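Peer 1:
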Amino acid sequence: MNDNDRESLASWIRALPKAELHIHIEGSLEPELLFALARRNGMTLPYADVDAIRAAYSFSDLQSFLDIYYQGAAVLQTEQDFYDLMAAYLRRAEADGVCRAEIFFDPQTHTERGVPFDVFMPGFIRAIEDAPNVSVGLIMCFLRHLSCSAAIETFGEASDYLDNIIGVGLDSAEVGNPPEDFADVFALAEAAKLRLVAHAGEEGPPSYIWGALDSLHAERIDHGVRAEEDEALVARLVKEQIPLTMCPLSNLALRVVDDLSDHNLARLLARGAMVTINSDDPAYFGGYIGDNYLATAIALDLSRDQLTILASNSITASFATETEKVRWLETT
Ligand code: HPA
Ligand code: ZN
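Residues 1 to 332, numbered by the numbering used here, are exactly what the sequence shown covers, in order.
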């Protein structure tokens, strides 16, 4: 594809109303902001400059990324830091034509460092109020490399902010940390009428997707790439229209796929699965949601009709109100 065709497809994608359903706010921390926050907070980084940080963003698997990602999040100290992080993401999202963003945050990454809910939640909330053009829902993720009792304690710490949180999720190191282990905390969230999602089938086997659906009552599966290995599971995902929040550039960066042209997103879409495209951790994986649509469209030769279906799937699969969904779908 030549530069002109690429730019015209990119701007057509930008104009498509779309929801982003899989974005970790800590994964939107760009090296420039990371450096600025370290300086503001009097911290020294093990990197000489922004280029050295970017050079370190070369990953072999999920864990090699998580090590760097948790280290980066340590520069987030004050309410203003969390405001700046959220405000920067929402500016990018709006520019990419995102009408709705359902944004993950990892409270335990902060509370474990002594930064409490009363610091990060007010920062997030103020930035969201200052970005009225993007409808936002916050999803609190539990770190699955920690215990279910730690997650339950975190759920308790969130009690003053449950009105500002639409749901809970499950992230971090997948293999060896099956969803069933977190059934108790998801049951508490379900009783509190929160929406439920979980990462599954990124590196973990199809049984983790079954577990997320049956033990956690997850309404969406984050990633779900490995679903294709289990015919009965694909049939269920299609029949029940369970959304998959797929993240192609993340899968490429973390070697879930060797090449974007190997990604199974188009095959699952053709089977009738409720597939969506998202960015996951855009500062680390080389692109925001528009970049993910564009790279995937080129690698898999997706038509504009297919891209329109992916965008309308994202709105349908969101937890926005029916009124909002109808309004956005009318313009899709
Ligand atoms: N997988 C699991 N945990 C994560 C990810 C991911 O892709 N990104 C941030 N935390
Ligand atoms: Zn993720």
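Where a beta carbon is used, it is the ideal one built from N, C-alpha and C, also for glycine.
Just so it is clear, the structure is predicted and the values come from calculations on it, not from any experiment.
1. On the three-state DSSP scale, how would you describe Ala198?
2. Please state whether DSSP places Met43 in a helix, a strand or coil.
3. With a cut-off of 6 angstroms, give the chain-ordered residues whose Cβ is closer than this to any heavy atom of the ligand ZN.
4. Going by beta-carbon coordinates alone, are Glu32 and Gly72 separated by less than 9 angstroms?
5. Below 8 angstroms, is the gap between the Cβ of Asp230 and the nearest heavy atom of the ligand HPA?
6. Are Glu240 and Asn264 touching if we call contact CB-CB under 9 angstroms?
7. Cβ atoms of Leu260 and Ala311: under 9 angstroms apart, would you say?
8. Ordered along the chain, which non-local residues of its own chain (more than five positions away) have a Cβ less than 7 angstroms from that of Tyr70?
9. Of the choices Ala253, Leu249, Ser314, Met274, whose alpha-carbon is the least far from that of Thr296?
10. Phe82: beta carbon under 8 angstroms from a heavy atom of the ligand HPA?
11. Could you give the DSSP three-state label for Leu16: helix, strand or coil?
12. Go ahead and label Pro132 buried or exposed: buried means 16 or more other beta carbons lie within 10 angstroms of its beta carbon, across all protein chains shown.
13. I'd like to check one pair, Leu194 with Ile165: are the Cβ atoms closer than 9 angstroms?
14. Are the stretch 265–278 and the stretch 41–49 in contact at 8 angstroms, needing three or more beta carbon pairs?
15. Here's a check: name, in chain order, each residue in its chain whose Cβ is nearer than 8 angstroms to the Cβ of Asp61, leaving out the five neighbours to either side.
16. Indicate the three-state DSSP secondary structure (helix, strand or coil) for Asp81 in the structure shown.
17. Could you check whether the stretch 4–16 touches the stretch 75–92, counting it as contact only if at least three pairs of C-beta atoms, one from each stretch, sit closer than 8 angstroms?
18. Quick check: the Cα distance between Ile103 and Gly167, rounded to an integer number of angstroms?
19. Taking the alpha carbon of Gly334 as the reference point, which residue from Tyr288, Phe319, Trp210 has its own alpha carbon closest?
20. What's the C-alpha gap between Asp171 and Asp3?
21. Would you check whether the ligand HPA has a heavy atom nearer than 8 angstroms to the C-beta of Tyr89?
22. At a cut-off of 8 angstroms, would you count Asp130 as near the ligand HPA, judging by its Cβ distance to the nearest heavy atom?
23. Between Cys141 and Asp106, is the Cβ-Cβ spacing less than 9 angstroms?
24. Might you give, ordered along the chain, the residues of its own chain that have their beta carbon closer than 6 angstroms to the beta carbon of Val136, omitting 5 neighbours on each side?
25. In its own chain, which residues sit with a C-beta less than 8 angstroms from the C-beta of Lys325, not counting the 5 before and 5 after it?
Peer 2: Taking the definition as stated:
1. Judged by DSSP in its simplified three-state form, Ala198 adopts strand.
2. coil
3. My final list is His22, His24, Asp171, His199, Asp222, Asp280.
4. no
5. no
6. no
7. no
8. Thr109
9. Leu249
10. no
11. Here Leu16 sits in coil by DSSP.
12. exposed
13. yes
14. no
15. Glu203, Leu254, Arg255
16. helix
17. no
18. 10 angstroms
19. There is simply no residue 334 to check, as the chain begins at 1 and stops at 332 in what is shown.
20. Linking Asp171 to Asp3 through their CA atoms gives a straight-line distance of about 37 angstroms.
21. no
22. no
23. yes
24. Ala101, Ile128
25. Sequence-distant Cβ neighbours of Lys325 in its own chain, meaning closer than 8 angstroms and more than five residues away, are Ile315, Thr316, Ser318.
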